[in-house]
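Worksheet for the structure shown next.
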Amino acid sequence: MIERYLPAIILLFLFILVPAVKGAASDRAGDPGGHTDVLACEFPNEIIPAIRKQKKPPLLILFSADPFLQPVPAELRLRAADLVASGTREDIQRFGNLDLPDPVLLPQKTVRALLENGLIQGADWILPIPIEVPFLTVDQVRSNLERDELATREETGTLRQTGAGVAMTIAARPFRFNRIDRLAPPPDQSLWVHIDLSYIAALYRNEIKTPIFPLVGKMIRTLAPLRSRIKGFSVSFSTERGDVPLTLRFVGPVLKRTFADPTVLEKVPFQWVQVSRVFYYQEFHQIGEIDKLVNKLLQASPDRAVNHYLKYRLETMRHDPDRALAALREAIRLDRGYAVELFPLADREARNGNLAAAIPLLAEALAARHEHDVHRINLAELNLQFRDPAKARSILEPLSKLPWSKVYHPQTPDLIKQLLKAADQTEKFNFQPPEENALPFK
Numbered sequence: 001m002i003e004r005y006l007p008a009i010i011l012l013f014l015f016i017l018v019p020a021v022k023g024a025a026s027d028r029a030g031d032p033g034g035h036t037d038v039l040a041c042e043f044p045n046e047i048i049p050a051i052r053k054q055k056k057p058p059l060l061i062l063f064s065a066d067p068f069l070q071p072v073p074a075e076l077r078l079r080a081a082d083l084v085a086s087g088t089r090e091d092i093q094r095f096g097n098l099d100l101p102d103p104v105l106l107p108q109k110t111v112r113a114l115l116e117n118g119l120i121q122g123a124d125w126i127l128p129i130p131i132e133v134p135f136l137t138v139d140q141v142r143s144n145l146e147r148d149e150l151a152t153r154e155e156t157g158t159l160r161q162t163g164a165g166v167a168m169t170i171a172a173r174p175f176r177f178n179r180i181d182r183l184a185p186p187p188d189q190s191l192w193v194h195i196d197l198s199y200i201a202a203l204y205r206n207e208i209k210t211p212i213f214p215l216v217g218k219m220i221r222t223l224a225p226l227r228s229r230i231k232g233f234s235v236s237f238s239t240e241r242g243d244v245p246l247t248l249r250f251v252g253p254v255l256k257r258t259f260a261d262p263t264v265l266e267k268v269p270f271q272w273v274q275v276s277r278v279f280y281y282q283e284f285h286q287i288g289e290i291d292k293l294v295n296k297l298l299q300a301s302p303d304r305a306v307n308h309y310l311k312y313r314l315e316t317m318r319h320d321p322d323r324a325l326a327a328l329r330e331a332i333r334l335d336r337g338y339a340v341e342l343f344p345l346a347d348r349e350a351r352n353g354n355l356a357a358a359i360p361l362l363a364e365a366l367a368a369r370h371e372h373d374v375h376r377i378n379l380a381e382l383n384l385q386f387r388d389p390a391k392a393r394s395i396l397e398p399l400s401k402l403p404w405s406k407v408y409h410p411q412t413p414d415l416i417k418q419l420l421k422a423a424d425q426t427e428k429f430n431f432q433p434p435e436e437n438a439l440p441f442k
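Under my numbering, the first residue of the sequence shown carries the number 1, and numbering increases by one thereafter.
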């Protein structure tokens, strides 16, 4: 029976936050020179150009499950430094994605690049560790860093226990390991807050044990006293490569809106409460209740991608693939980030031997997300299996002319050559592709 009271519980929690939020709004209004950049992005490395524009390097406050400290390969350091120094956001998107042919600065290297190039004064990494769990020791931090190859021996040699947690030095700048209840940046520094949704994903279990909006509210409440010093606020979704489940993608816009206008919590948006209730009922597979809520959401806000994604999940629970796919397509139309859901659908069909369904699904995913040249090779392979060498060739020939990275994609040019050779051999046997109307999707 607790579900009857869930909306009231959420409302109560958010209203408790309002005094702190009002205070934060007042702090900002009282700062005549105050200005905060607020942005959302797919990957954390996209924030680099915005941070570079700051008049003074800020201290980075990072909420994430990943410290983004991976070193840049030696062969790419000069190019990465140029990208950090002058690259636009479009440049970062082009050269910061492993699914493109020539990556230079991947998301996992973002914070190290900022530190080594002097764009930030230091960083406070807020780890997703529950308050009731003991914090990490120096030895545990050292072990994790060495295991994941995130720091040199010289850097781990600077690890030390502090009153708030653990600290070390990277590129002559402080890097601190903290938890949300211990966040206390030096009072004389301007701040840039970045939240990667992996932070939420690491703490979130379900709407019973760890409701989403209390997690969001806690972050906003923690940041409220610091608001006048925050010069930039950014959110990265990180759903593209599966680091964060698509179900949590909607939290990105929620965080962005809440920080940009804390007074939104004075009247809790209908959408937020209803979405949380959908997640709650999903735990009990109560399709009837979910159906009522999703229909209300779609009627009230048909322009929100998350509502159509919830419809997709509902129809999937009902085992209605046609309605599910229609809902997913509408979500993709509104937010192409949801197109990544098409990749596992295509993969499932391919593994089941249903190439006639897998090929158009993968092609549709690639049409929505242009940053997937690596997956185009997979599409060519499927077309070869489907005995359509001409289509495979039309995909492979442009790919063969791309500048594939010797660091990240050293074997890709040879693979493309092998597939082109296979296309030639298939054509020699005069295999005919199936008629177009045999495909279930067009």
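Ideal placement from N, C-alpha and C gives every residue a C-beta, glycine not left out. Quantities reported herein were computed from a predicted structural model and do not represent experimental measurements.
{"query": "Candidates Tyr281, Ile212 and Ser228: closest to Gly252 by CA position", "result": "Ile212"}
{"query": "Presumed contact (8 Å Cβ cut-off) between Ala365 and Phe343, rounded CB distance", "result": "5 Å"}
{"query": "Outcome for Glu146 when other beta-carbon atoms lying within 10 angstroms are tallied against a minimum of 16", "result": "exposed"}
{"query": "Straight-line Cα distance separating Ala368 from Ile359", "result": "14 Å"}
{"query": "Continuous beta strand (DSSP E) stretch holding Asp196: start and end", "result": "Leu191 to Asp196"}
{"query": "Stretch pair the stretch 276 to 286 + the stretch 197 to 210: three plus CB contacts closer than 8 Å", "result": "yes"}
{"query": "Touching by the beta-carbon criterion (3+ pairs, under 8 Å), the stretch 193 to 204 and the stretch 220 to 234", "result": "yes"}
{"query": "Which of helix, strand or coil DSSP assigns to Asn178", "result": "strand"}
{"query": "Reduced DSSP category for Val268 - H, G, I as helix; E, B as strand; rest coil", "result": "coil"}
{"query": "Contact check, Phe175 vs Gly165, beta carbons under 8 Å", "result": "no"}
{"query": "Backbone secondary structure at Ser405 - three-state DSSP", "result": "coil"}
{"query": "Contact the stretch 36 to 48 vs the stretch 89 to 100: 3+ CB pairs below 8 Å", "result": "yes"}
{"query": "Reduced DSSP secondary structure (H/G/I, E/B, other) of Lys209", "result": "coil"}
{"query": "Cβ neighbours of Ile287 in the same chain (closer than 8 Å, five flanking residues each side left out)", "result": "Leu314, Met317 and Arg318"}
{"query": "Cβ-Cβ distance between Gly118 and Leu105 below 8 Å", "result": "no"}
{"query": "Distance between Leu402 and Asp424 (C-alpha atoms, nearest Å)", "result": "21 Å"}
{"query": "Supposed close pair Leu255, Ile170 - CB separation, criterion 8 Å", "result": "Not a contact, Cβ separation roughly 27 Å."}
{"query": "Minimum C-alpha distance to Met168 - residue among Ile129, Leu127, Ile131 and Gly122", "result": "Gly122"}
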